[in-house]
Each structure stands twice: as structure tokens, then as C-alpha cells.
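Written below as C-alpha cells is the structure these notes are about.
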Amino acid sequence: MSLTLDEVRHIAQLARLKLTPAEEERYASQLSDILDHVQRLQSVDTAHLPPTSSVLPMAAPLRPDEARPSTPRQALLSNAPSVDEGMFQVPPVLGPDR
Amino acid sequence: MPTPDYLSLTEAAALLRSGDVSSVELTRSYLDRINALDDQIHAFLALTPELALQQAEAADHRFAKWRDAGGEPPPAICGVPTAVKDVLCVDGVQATAGSKILEGYHPTYTATSVARLIHQGIVVLGKTNTDEFAMGSSTENSAYGPTHNPWDTSRVPGGSSGGSAAAVAAGFAPLALGSDTGGSIRQPAAFCGVTGIKPSYGRVSRYGLIAYGSSLDSVGALAGTAADLGPVFTAMAGHDPLDSTSLRAPVPDLTSETSDLSRLAIGVPDEYFIDGLQESIAQAVRTAVDVMKDLGATIKTISLPHTDLALPVYYLVAPSEASANLARFDGVRFGPRSEADSLLESYLETRGNLFGPEVKRRIMLGTYALSAGYYDAYYGQAQRVRTLIKHDFDQAFERVDAIACPITPTTAFTIGGHGDDPLSMYLEDVFTLPANLAGVPGLAFPVGFDAEGLPIGMQLLGAPLNEPTLFRAAQAYQSVTAWHKEHPAL
Numbered sequence: 001m002s003l004t005l006d007e008v009r010h011i012a013q014l015a016r017l018k019l020t021p022a023e024e025e026r027y028a029s030q031l032s033d034i035l036d037h038v039q040r041l042q043s044v045d046t047a048h049l050p051p052t053s054s055v056l057p058m059a060a061p062l063r064p065d066e067a068r069p070s071t072p073r074q075a076l077l078s079n080a081p082s083v084d085e086g087m088f089q090v091p092p093v094l095g096p097d098r
Numbered sequence: 099m100p101t102p103d104y105l106s107l108t109e110a111a112a113l114l115r116s117g118d119v120s121s122v123e124l125t126r127s128y129l130d131r132i133n134a135l136d137d138q139i140h141a142f143l144a145l146t147p148e149l150a151l152q153q154a155e156a157a158d159h160r161f162a163k164w165r166d167a168g169g170e171p172p173p174a175i176c177g178v179p180t181a182v183k184d185v186l187c188v189d190g191v192q193a194t195a196g197s198k199i200l201e202g203y204h205p206t207y208t209a210t211s212v213a214r215l216i217h218q219g220i221v222v223l224g225k226t227n228t229d230e231f232a233m234g235s236s237t238e239n240s241a242y243g244p245t246h247n248p249w250d251t252s253r254v255p256g257g258s259s260g261g262s263a264a265a266v267a268a269g270f271a272p273l274a275l276g277s278d279t280g281g282s283i284r285q286p287a288a289f290c291g292v293t294g295i296k297p298s299y300g301r302v303s304r305y306g307l308i309a310y311g312s313s314l315d316s317v318g319a320l321a322g323t324a325a326d327l328g329p330v331f332t333a334m335a336g337h338d339p340l341d342s343t344s345l346r347a348p349v350p351d352l353t354s355e356t357s358d359l360s361r362l363a364i365g366v367p368d369e370y371f372i373d374g375l376q377e378s379i380a381q382a383v384r385t386a387v388d389v390m391k392d393l394g395a396t397i398k399t400i401s402l403p404h405t406d407l408a409l410p411v412y413y414l415v416a417p418s419e420a421s422a423n424l425a426r427f428d429g430v431r432f433g434p435r436s437e438a439d440s441l442l443e444s445y446l447e448t449r450g451n452l453f454g455p456e457v458k459r460r461i462m463l464g465t466y467a468l469s470a471g472y473y474d475a476y477y478g479q480a481q482r483v484r485t486l487i488k489h490d491f492d493q494a495f496e497r498v499d500a501i502a503c504p505i506t507p508t509t510a511f512t513i514g515g516h517g518d519d520p521l522s523m524y525l526e527d528v529f530t531l532p533a534n535l536a537g538v539p540g541l542a543f544p545v546g547f548d549a550e551g552l553p554i555g556m557q558l559l560g561a562p563l564n565e566p567t568l569f570r571a572a573q574a575y576q577s578v579t580a581w582h583k584e585h586p587a588l
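Chains A and B supply the protein sequences, listed in that same order.
The first sequence: position 5 = 5 (this note's numbering), numbered continuously.
The number in this note's numbering is simply the position in the second sequence, starting from 1, with 98 added.
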């Protein structure tokens, strides 16, 4: 199963990962090898099987709808690279030209 | 009094309780040893001497109060110096998960598993090295350099809890905490000749564990012996409202004095004794099983027929979950950010620059497996095959109480030994992955050495929540053997 460079670029964009051209080539080849290996799962008959998302019975446990203290804002901001007026500061969403 | 180089947790705890040594003295002697020898090993990414001495003083105070006023003695692990894998958060102490994308990150909370141990009086010596985001089987994927195996420093300690395993093996700490998603406690325990517990999924809270694969991650610990780990497990385990996947089941006490294993049925699975398994490992495991038979256990050959599907299932499920879990690392709320003109560019640059190659590979694999048009063929199919793997264990545990099998196909390989071939590294995990996919507990312990003097480990796997059986069998084994008393000459 061979991934094309276009496919690798598409995946990288979805995953928000900037890759160098050398990385694109290397990952195309390595990911293709790994996908070859996992191909063998296709031959397993699973039509009658339920999927296992978790080994435990999944039921989101509920609690009473009561307000409780939350993490202080200062703590939440303390690790950010850039903070302004009590908010996380980011580069312009649409870029500098728009 | 001078502290011997290698004290087990049980021995250290006895000395603390008898007052022969204080926690402050013990802590200082471990810190001195680390400072003298860790540049050969690189088990630690950071030491926390001020925090450690503060906690040691508090522990000594608890012992003093008890000696003066009587009453309940301090907990078994009070005052015990402990190393913490750098994927577990400790409030105010840098946590990197072995990655540059979390360089400088100081958590504002402590993982529940660690907090419970701190409450019982452990002393945090520092954070240990790990493969980046726990993705790896050698600790070579750490962005901060590899850890060296104390038995042979040209070799890996295993991974991803390589720093923790090496710390215990090198006598840098009698106890180290780790995590196991595909074998990351058991495999380094095997390579370093120490004992490690991967609890049942849901048994120990994952709150404060930097997530890799949420349906697979398990917090656990490493020490010299199973007896050492009993009180640690009991302290860490149990329901946590902060982890919606944590179980409400009561936590058992694991102390076991017996060496009588009659009424214990141990299964040995055919599928683990394959051609690729190093002969000395197969021998050592079979010999260990014979020891348990001599102690009264009944040995049965069993089959786990879908064992060879565990690798492809894991390398679809784990990366898929990781691609979701690592989406939060965007340079906005924690960690460094790469310069960029737009928000999108800053995501692309930050993640592209600051994630290492193995992490990027797994994120991309997961993104692909979950993407439109491929989800059902890859991730969906993997989830359905996972059901078969879990079912293999359910069926086996109807016939036996525990499964005994090898942990690794070979003993510790050399640093750089797998070159640039990710798939060959993934094959290291073939014997450990099934337990994570099925959510069952595994206890790893040393059962011998190969011709080069490298440790060999064996694991006992149990039904979910059956840690008591695993501990009983391992403690019995360790009461009549001495592999766990061997130490590397550093």
C-alpha cells in the first residue's frame, strides 16, 4: 500500500504538521510500510463482531449539577507563550494581509 | 549510618520505621548517588532536591510524632524516595513528556496516582526520561537524549518508562512510577532486571497522566520486587471522580506471605514461543514456570489464537487515539510557540518543529486511519479485531488463573540498533501489546540472565482486577529465587 506524496501532504495538513520535502518522502515510505503491515487485518472476518472502543462498559458517569470551584484563571494562563489582558494571545486568525 | 548501594523499597521502609535512618538522610544519599552516576545513565530529566527534602522532613516529622505519641504508624511507603516518569504531572514541577513541545511546561495540578502516594509520604526525587509522549520501546525517542541501560550502557533500558526502570536498576531510587500503553512498564522492567506492575485498565486513575492512547494507557510502578510494589499499588489504585474511566471496585491488599501455589492454574500460551524468541529467554521463562510448578501450581498449555493480530491492531488504535490526544498541543495554552504570521501557520510550524519524528509518524498514521473514507476499513476494523483479542483472554481465564509468558523477543538491544526502521522497533512489542488491548493486568519480574549478562524478564497476566493472584505468584517465586537481588556494577 503506497502512499503518494499528495496523500502525505493532505494528512500532514489535517494533522497541522509542517513537513520538509525530505520528511514528506521519508514518511511516505515509512507510513506505506506500516500500512502494508496492518493490511493483514483486512482478511479477518469481523462481520459478526462488535467493535471494542474500550475494554470497560462505557457509560459517562454523571454528577449533580452543582457549581464547584474551577482552576483559577492565573494558573490556566501561567504556561502560555503569550497572554494579554487575561486572555491567550494568538497570531491573527486570517493572517496579516486580511 | 552508611546506606548500602541497593536497598529495596521494603528494606528502606523497615529502616525508616525502625529509626535506623531518617528520610532526609536516605533522600540525600540517593541524590548524591544520582549526582555521581547519572551522567553515565541519564535516567533523570530533572531532579527536585528542594521538594524532596521538604517531603523527607515532613515524613521524618510523621515518624517522630508516632514515636512520641503512639497510635497508627505512618503508611508503609512513608519517606520512600521515588522517581516519577515525566508523563505524570506534579504541581509546579516541569513535565515535558520527553518532548520539546512541552519544554518549560509546569503543571498546575498533580496526577491523582502521584498525589495519593505523596499523601502517604513518598519523596519525589525527580522526573525520569521517557520516549516522547510515551511512544517508543527504547527511550531513544526522547527529545532530550536516550537513557542507558545500567547493565550495559551501550544498550537501551527499554521504553517508554526507560528512565524509571534504569533508575531502579541503578539504585537511584527504590521506587519509580511509570505508564504502560503497549508494554512501557513491562518491557523496560525486563531489559533492566526489575519488577514492574501494569495494573488492569481503569484500576489506577489516569488523571494527570499526559495522554497517549486513552483506551490503553495504564499508570503503574517499578521497584525491586513484587512485595515492594504491593503497598504502592494499593495506595494508587481506586476510583477517582476526576477520571471517568476509573473503576469503583474495592482495592485489595496485596501482601502475601505464602509460597504455596497449589490451587493456582498457570497457562503457558503456545503463540508466544515463536521462532523469533531468543532461546535463552524461552529457557528462562520455562524454568521459572517449573519453579512455580514446584511450589504447587498446575501448569496448562493454552492458546491465545489472535496474538499475532495484536501488532496491526495496536498500530492503528493507538496512533488514532494519539492523533486526537495530541491535537491539544498547538502552542496556544502551554509550551513554546514557533513564530508565524497567522494562526494556521503557527499550528503547522509549532507542531512541525517541536514534535519528534516518531510522534509525527503516529499522529499521521492515526489521522489517516480516522479520515473520511478510511475510518471503517482501518480504525473500525481494528476495533472489531480488538474484540477477538480480548475474547482470547476471557476464554483463557476460564481455564487458568494467570498466564506466564515472555515479555520481549530479545534482551536489551544496542542504542541505535534498530536504525531508522520504525516497523522493526514496533516488533519489539509483540508480547506486551495484547494485554493493553484486552485491558488485563501484567506483572513483570526478572527470571535470569543471558550469556552476555543481560537481564531476562517474564510476565504474569491476569484477568481484569486479578492483581492479587499475580502478586501472590510473583512473591512466592521471589521468595525461592534470587534474580531480583542481582545488581549491575556501576
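Using N, Cα and C, we set each Cβ at its ideal position, and we do this for glycine too.
Quantities reported herein were computed from a predicted structural model and do not represent experimental measurements.
Beta carbon of residue i nearer than 9 Å to that of residue j
i, j, result
"glutamate 201 of chain B", "proline 455 of chain B", "no"
"arginine 460 of chain B", "alanine 420 of chain B", "yes"
"alanine 416 of chain B", "lysine 488 of chain B", "no"
"glutamate 565 of chain B", "isoleucine 295 of chain B", "yes"
"threonine 506 of chain B", "phenylalanine 529 of chain B", "yes"
"proline 286 of chain B", "alanine 309 of chain B", "no"
"leucine 113 of chain B", "proline 179 of chain B", "no"
"threonine 385 of chain B", "valine 498 of chain B", "no"
"leucine 442 of chain B", "leucine 135 of chain B", "no"
"leucine 307 of chain B", "alanine 271 of chain B", "no"
"valine 389 of chain B", "cysteine 503 of chain B", "no"
"valine 90 of chain A", "valine 430 of chain B", "yes"
"arginine 131 of chain B", "glycine 269 of chain B", "yes"
"valine 55 of chain A", "valine 483 of chain B", "no"
"valine 254 of chain B", "isoleucine 554 of chain B", "no"
"leucine 414 of chain B", "tyrosine 477 of chain B", "yes"
Nearest-angstrom Cβ-Cβ length linking residue i and residue j, presumed shorter than 8 Å
i, j, result
"valine 578 of chain B", "leucine 393 of chain B", "7 Å"
"proline 248 of chain B", "cysteine 290 of chain B", "7 Å"
"serine 298 of chain B", "proline 586 of chain B", "The Cβ separation is near 31 Å, so there is no contact."
"phenylalanine 142 of chain B", "asparagine 227 of chain B", "7 Å"
"serine 440 of chain B", "valine 302 of chain B", "42 Å between Cβ atoms; not a contact."
Neighbour list for residue i in chain B, Cβ cutoff strictly below 9 Å
i, result
"proline 69 of chain A", "The contacting residues do not exist; proline 69 of chain A stays about 13 Å from chain B at best."
Where residue i falls, given that 16 or more other Cβ within 10 Å makes a residue buried
i, result
"asparagine 534 of chain B", "buried"
"arginine 570 of chain B", "buried"
"leucine 340 of chain B", "exposed"
"glutamine 39 of chain A", "exposed"
"threonine 610 of chain B", "Coverage of chain B is limited to positions 99 through 588, which leaves residue 610 of chain B absent and any answer about it impossible."
"histidine 140 of chain B", "buried"
"glutamine 42 of chain A", "exposed"
"histidine 516 of chain B", "buried"
"aspartate 373 of chain B", "exposed"
"proline 100 of chain B", "With a pLDDT of 45 at proline 100 of chain B, under the threshold of 50, the modelled position of that residue is not reliable, and the figure given next carries that caveat. So proline 100 of chain B ends up on the exposed side."
"serine 82 of chain A", "exposed"
Contacts of residue i in chain B (Cβ-Cβ under 8 Å)
i, result
"proline 51 of chain A", "Gly478, Gln481, Arg482, Arg484 and Thr485"
"alanine 60 of chain A", "Ser342"
Beta-carbon proximity list for residue i, same chain, < 6 Å, skipping 5 on both sides
i, result
"glutamate 447 of chain B", "Ser436 and Ala438"
"arginine 304 of chain B", "Asp315 and Asp341"
"isoleucine 220 of chain B", "Ile175, Val178 and Thr180"
"aspartate 428 of chain B", "Tyr445"
"valine 191 of chain B", "Thr146"
Amino acids of chain B, ordered along the chain, whose beta-carbon sits closer than 7 Å to that of residue i
i, result
"alanine 75 of chain A", "Thr206"
"threonine 46 of chain A", "Gln479, Arg482 and Val483"
7 Å Cβ shell around residue i - same chain, five flanking residues per side excluded
i, result
"alanine 241 of chain B", "Gly196, Ser197, Lys198, Glu230 and Gly454"
"valine 122 of chain B", "Leu151, Ala154, Glu155 and Asp158"
Listed by chain order, chain A residues near residue i by CB distance under 7 Å
i, result
"threonine 465 of chain B", "Ile11, Leu14 and Ala15"
"tyrosine 203 of chain B", "Asn79"
"threonine 323 of chain B", "Residues of chain A passing the Cβ test: none, with the nearest at roughly 28 Å."
"proline 410 of chain B", "His37, Val38, Arg40 and Leu41"
"alanine 536 of chain B", "Val55"
"glycine 450 of chain B", "Leu17, Lys18 and Leu19"
Cβ shell of residue i (< 8 Å), same chain only, five flanking positions each side left out
i, result
"lysine 18 of chain A", "Ala12"
"alanine 47 of chain A", "none"
"isoleucine 400 of chain B", "Gly365, Val366, Pro367, Asp368, Ala494, Arg497, Val498 and Ile501"
Partner residues on chain A for residue i, Cβ-Cβ distance less than 9 Å
i, result
"tyrosine 299 of chain B", "Ser54, Val55 and Leu56"
"serine 444 of chain B", "Val90 and Pro91"
"glutamate 447 of chain B", "Lys18"
Any non-hydrogen atom of the ligand MN within 8 Å of residue i CB
i, result
"alanine 241 of chain B", "The model depicted lacks the ligand MN and carries no ligand whatsoever."
Chain-ordered chain A contacts of residue i [CB-CB under 8 Å]
i, result
"phenylalanine 432 of chain B", "Asn79 and Ala80"
"methionine 233 of chain B", "Within chain A, no residue comes near methionine 233 of chain B; the closest Cβ sits about 13 Å away, beyond 8 Å."
"aspartate 439 of chain B", "Pro91, Pro92, Gly95 and Pro96"
"methionine 462 of chain B", "Val8, Ile11, Ala12, Ala15, Leu17, Tyr27 and Leu31"
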